[in-house]
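S.K.:
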Amino acid sequence: LVERRKYRRFKVKPPAFVVFNTQPTKLGEIIDISMNGLAFRYMIDSEELVNQAREMDILFGDDDFYLDKLSFQTVSDRVANNGLPFSTMVMHRRGVRFAELTDNQQAQLEYFIEHNTSGEI
Numbered sequence: 033l034v035e036r037r038k039y040r041r042f043k044v045k046p047p048a049f050v051v052f053n054t055q056p057t058k059l060g061e062i063i064d065i066s067m068n069g070l071a072f073r074y075m076i077d078s079e080e081l082v083n084q085a086r087e088m089d090i091l092f093g094d095d096d097f098y099l100d101k102l103s104f105q106t107v108s109d110r111v112a113n114n115g116l117p118f119s120t121m122v123m124h125r126r127g128v129r130f131a132e133l134t135d136n137q138q139a140q141l142e143y144f145i146e147h148n149t150s151g152e153i
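Remember, the working numbering sits 32 above the position in the sequence shown when you count from 1.
1) Comparing C-alpha positions only, which one of 150, 83, 95 sits nearest to residue 60?
2) Apart from the five residues just before and just after residue 89, which ones in its own chain have a Cβ nearer than 6 Å to its Cβ?
3) Do residue 148 and residue 48 come within 9 Å of each other at the CB atom, strictly closer than that value?
4) In angstroms with no decimal places, state the Cα-to-Cα distance between residue 98 and residue 64.
5) For the beta strand (DSSP E) containing residue 152, name the first residue and the last one.
6) Taking DSSP as the reference, what is the three-state secondary structure of residue 122?
7) Starting from the C-beta of residue 40, find all residues in its chain whose C-beta is less than 7 Å away, skip the five residues before and the five after it, and write them out in chain order.
8) What residue range is occupied by the uninterrupted alpha helix (DSSP H) comprising residue 81?
9) Would you kindly check if the distance between the Cβ of residue 106 and the Cβ of residue 126 is under 9 Å?
10) Taking just the CA atoms, how far does residue 136 sit from residue 95?
11) Excluding the 5 residues flanking residue 68 on each side, which residues of the same chain have their C-beta closer than 8 Å to its C-beta?
12) Determine, using beta carbons only, whether residue 81 and residue 58 come nearer to each other than 9 Å.
13) By the three-class DSSP mapping on this structure, what secondary structure does residue 139 have?
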């Protein structure tokens, strides 16, 4: 298997979330992140609203970090129940690629990766 990623990925420390400003607002738990994109986990009942979203925000609760209006494109989406075969909650894992970040967004993303991750994947 050849690694095709241009940027290194890092495991994100909890509590870190993507926020979709939909009605109602939906959250996803960030799994890993790079300068190019991220992966997050969300409940299947949010799928339609997540599919409609074109921007996301990043929220990190420990230091009140908030980065808003990140444009993105979905790269992958699959069922991910984390080894819970009898769970009634169906979770998805979605991978996204950031699109057209401003210089300020890139700087804030770099800060987030430096301060809120726990090592390279």
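Don't be surprised by glycine CBs; every beta carbon is placed ideally from N, CA and C.
M.R.: Reading off the structure:
1) Taking the first residue of the sequence shown as position 1, residue 60 is located at position 28. From the listed residues 150, 83, 95, the smallest Cα separation to residue 60 is found for 83.
2) Reading the sequence shown from its first residue, position 57 is the one you call residue 89. Excluding sequence neighbours, residue 89 sits near 51, 100.
3) Locating residue 48 in the sequence shown gives position 16, where the first residue counts as 1. Locating residue 148 in the sequence shown gives position 116, where the first residue counts as 1. Taking 9 Å as the Cβ cut-off, residue 48 and residue 148 qualify as a contacting pair.
4) Against the sequence shown, residue 98 aligns to sequence position 66. Against the sequence shown, residue 64 aligns to sequence position 32. Rounded to whole angstroms, residue 98 to residue 64 spans 17 Å at the Cα level.
5) What you label residue 152 is simply residue 120 of the sequence shown in a count that begins at 1. Element bounds for residue 152: 149 to 152.
6) Start at 1 with the first residue of the sequence shown, and residue 122 comes out as number 90. Residue 122 carries a coil assignment under DSSP once its states are collapsed to helix, strand and coil.
7) Mapped onto the sequence shown, residue 40 falls at position 8. Within its own chain, the residues whose Cβ lies closer than 7 Å to the Cβ of residue 40, once the five positions on either side in sequence are excluded, are 66, 152, listed in chain order.
8) Taking the first residue of the sequence shown as position 1, residue 81 is located at position 49. Per DSSP, residue 81 belongs to the alpha helix (DSSP H) from 79 to 84.
9) Within the sequence shown, residue 126 is the residue found at index 94, counting from 1. Within the sequence shown, residue 106 is the residue found at index 74, counting from 1. Yes, Cβ-Cβ distance for residue 126 and residue 106 is below 9 Å.
10) One-based indexing of the sequence shown puts residue 95 at position 63. One-based indexing of the sequence shown puts residue 136 at position 104. Near 19 Å, if we compare the C-alpha coordinates of residue 136 and residue 95.
11) Within the sequence shown, residue 68 is the residue found at index 36, counting from 1. Here residue 68 has 37, 38, 39, 129, 130 as same chain residues with Cβ atoms under 8 Å from its own Cβ, once five neighbours each way along the sequence are excluded.
12) Counting from 1 along the sequence shown, the entry for residue 81 is found at position 49. Counting from 1 along the sequence shown, the entry for residue 58 is found at position 26. Cβ atoms of residue 81 and residue 58: closer than 9 Å.
13) In the sequence shown, counting from the first residue as 1, residue 139 sits at position 107. For residue 139, the three-state secondary structure derived from DSSP is helix.
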